Structure formats: C-alpha cells, structure tokens
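Peer 1: After the structure tokens below, expect a handful of questions from me.
Numbering (my numbering), first residue to last: 106 to 303.
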C-alpha cells in the first residue's frame, strides 16, 4: 500500500506537540539510554521499537485501568494502548532526529465492533520510503517485529472483514484518536469509546 504524507515537508514529522512531547526530559533521557555510543539510525530505531513493544505493556493485555496519551506519561507510567505506545515510539524516534509519522489500520473483531489500531512509520536516513512499525506488544498470536522491508505488523488485514490500512501518514495524532484518549476516565470508558473509523 502506498503511504501518503499528510504534510509534504519532512520536517513536520520531527515536530513536538502535546502528545508527541519529545522535548520532555524523560523522553530525552530514555532516548539517550537507548542509543549506544556510535549507534547508527537503524540500530537506534530498532532499539526504541523493542523498548516500547516489550517494556511498556499494552493496557488491555495487562488489565491496567489507567489511560495514557502523552508520550512522556506512557514512558513514566509504563502503560498504554496501541495509540499511546505509538505516541511514545514516535517521540523517541523524533528525539534522535528521525522522521516518524502516526498511521492507522481499521480492524474488526474487537468486542464484535470495528476499531482503529495505531501504528508508527519511520523514515531512516538514506531510505526513500516510509516503513510502518507496530509497537503494540506481542502476545500469543501476535508477533510484530521491526522491519524496513516486509512489514511485520501485529495484525494482518482481513479484507473479508472490511479491514483497511489507512494510507495517510499523520504528523500529529488523528483528532478522533486524541479526543477519545483525553476524554477517557479510565480504560473501561476508553474501551467503550474507541473510534471505529477515521
């Protein structure tokens, strides 16, 4: 699927905002810890991906009732759903000067309803295309991996279930996503209000 930048300028995918707060000291400290001396962009990007995927539990998997949405809060509280984890990875990538975008899939099957799933796309130096990554977190039946070639996302799309990959690469979280995250009192409330489409 061809990916389309929402904003033509690559610099838009390096910016900070209220959710992707990569200038926050905790984000900066975490990025510095993940970057060994002399690490190239690929090594750092993979390390950031694995860190978010493996050390920040997906709150639905862990049963955590807290809702996080700001990248620094995700890193501090060590919990979040896919959108929040995508915000954290995006912030960590941007903290090291790597363009990162937010992107989404439309999935079926969550409590019998469709749901939007959050991803990240990264564009490393020397690469001519964006590569989507899924830091959601692995579990039985889910085996997402960092890859610049063949995508290794958590969920393969099922067209027969009307599942779709949204092609737009967003510089900031989609309003439909950010609105429900910020309004949620707790994760059960969030579960009931997750967006079904963009």
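For every residue, glycine included, the Cβ atom is placed at its ideal position computed from N, Cα and C. Treat the numbers as computed from the prediction; the structure is a model and nothing was measured.
Can you give me the Cβ contacts of residue 168 inside the same chain, cut-off strictly under 6 Å, excluding the 5 residues immediately before and after it?
Peer 2: Within the same chain, residue 168 has no close Cβ partners at all.
Peer 1: From the DSSP output, in three-state form, read off residue 269 for me.
Peer 2: Of the three classes helix, strand and coil, the one that applies to residue 269 here is strand, per DSSP.
Peer 1: Answer with buried or exposed for residue 257, where buried requires no fewer than 16 other C-beta atoms within 10 angstroms of its C-beta.
Peer 2: Answer is exposed; the Cβ neighbour count stays below 16.
Peer 1: So residue 187 and residue 223 are in contact, right, with Cβ under 8 Å, and what is the actual spacing, rounded?
Peer 2: Correct: roughly 4 Å between the Cβ atoms.
Peer 1: Rounding to the nearest angstrom, what Cα-Cα distance links residue 233 and residue 115 in this structure?
Peer 2: Distance between the alpha carbons of residue 233 and residue 115 is about 12 Å.
Peer 1: I'd like to know if the region 189 to 198 and the region 129 to 146 are in contact, where contact means that at least 3 CB-CB pairs between them fall below 8 Å.
Peer 2: Because the criterion of three Cβ pairs below 8 Å is met, the region 189 to 198 and the region 129 to 146 touch.
Peer 1: Specify the secondary structure class of residue 124 as computed by DSSP and reduced to three states.
Peer 2: The answer is coil: DSSP assigns residue 124 none of H, G, I, E or B.
Peer 1: Could you check whether the region 296 to 303 touches the region 233 to 248, counting it as contact only if at least three pairs of C-beta atoms, one from each stretch, sit closer than 8 Å?
Peer 2: Result no; under three Cβ-Cβ pairs closer than 8 Å.
Peer 1: Excluding sequence positions up to five away, which residues of its chain have a Cβ less than 7 Å from the Cβ of residue 181?
Peer 2: Excluding positions up to five away in sequence, the list reads 131.
Peer 1: On the DSSP bridge assignment, give the partners of residue 221 in chain order.
Peer 2: Residue 221 pairs with 211.
Peer 1: Could you check the C-alpha separation between residue 206 and residue 227 for me, to the nearest Å?
Peer 2: If I take the Cα positions, the gap works out to 6 Å.
Peer 1: DSSP puts residue 274 in a beta bridge; with which residues?
Peer 2: According to DSSP, which records beta bridges pairwise, residue 274 is partnered with 110.
Peer 1: DSSP three-state label for residue 142, please.
Peer 2: Looking at residue 142 - three-state DSSP - the assignment turns out to be coil, as it is neither helix nor strand.
Peer 1: Shorter than 7 Å, the distance from the beta carbon of residue 282 to the closest heavy atom of the ligand PLP, or not?
Peer 2: Absence of the ligand PLP from the depicted structure is noted, as is the absence of any ligand whatsoever, leaving it without description.
Peer 1: Cutting at 8 Å between CB atoms, please list the residues of its own chain near residue 118, excluding the five before and the five after it.
Peer 2: Hits under 8 Å: 110, 112, 199, 204, 205, 206, 228, 274 and 276.
Peer 1: Between the C-alpha atoms of residue 282 and residue 163, what's the straight-line distance to the nearest angstrom?
Peer 2: Near 16 Å, if we compare the C-alpha coordinates of residue 163 and residue 282.
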